[in-house]
Structure formats: structure tokens, C-alpha cells
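Data block below; observations after.
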Amino acid sequence: MAVHHELVFGDTIVAAMLANGWAEGNSADYRPELGLDSHQLFTFIGATQTAEWDDLVTYYGGDPNEA
1 MAVHHELVFG
11 DTIVAAMLAN
21 GWAEGNSADY
31 RPELGLDSHQ
41 LFTFIGATQT
51 AEWDDLVTYY
61 GGDPNEA
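Residue 50 in full-length UniProt numbering sits at position 50 of the sequence shown; the count goes up by one each step and never skips.
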């Protein structure tokens, strides 16, 4: 059986990244039209710019997805 398969290669890359501090995201949170993970973006903004984020969400009627 061949040991060279793309799936094995991909799994090895992901395992190495996770072992070195990367965090694996959820593909459902990825927004290809924006090129980013919306969950990670909201988490980062909420942790680093709380007041500004709250103001922006309030401006958009309380909907963080619109903000």
C-alpha cells in the first residue's frame, strides 16, 4: 500500500501546525467572500476593542453579523 496520499500529507501538516501553537478553525465559520473566519474575527475584536465593537454592534441594531 502506498504511503504517499494527499490526505496523509494534509493531516501531517495540520498536526504539525497544531503542535506549534496554531488553532484549528471550524469550516462553517469561514466566509470565502471575505477571506476570513468570522468567529475568530469576532473573538479577536471583542477581546481587543470591546468598546468600539459594542458601539458598532449597537449601530447595526444589535446584530454582530451585520456589524
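For each residue, glycine too, the CB sits at the ideal point set by N, CA and C.
Note that the coordinates shown come from a computational prediction; the quantities given were computed from them, not determined experimentally.
- Taken through DSSP and simplified to helix, strand or coil, Tyr60 comes out as coil.
- Taking a C-beta distance under 8 Å as the contact criterion, Gly46 and Asp37 do not qualify as a contact pair.
- If you ignore the 5 residues before and after His39, its C-beta comes within less than 6 Å of the C-beta of Asp29, all in its own chain and listed in chain order.
- Between the alpha carbons of Leu34 and Asp55 lies a distance of about 22 Å.
- The criterion of a C-beta distance shorter than 8 Å is not satisfied by Phe44 and Pro64.
- Annotation for His39: the continuous alpha helix (DSSP H) segment containing it runs 38–48.
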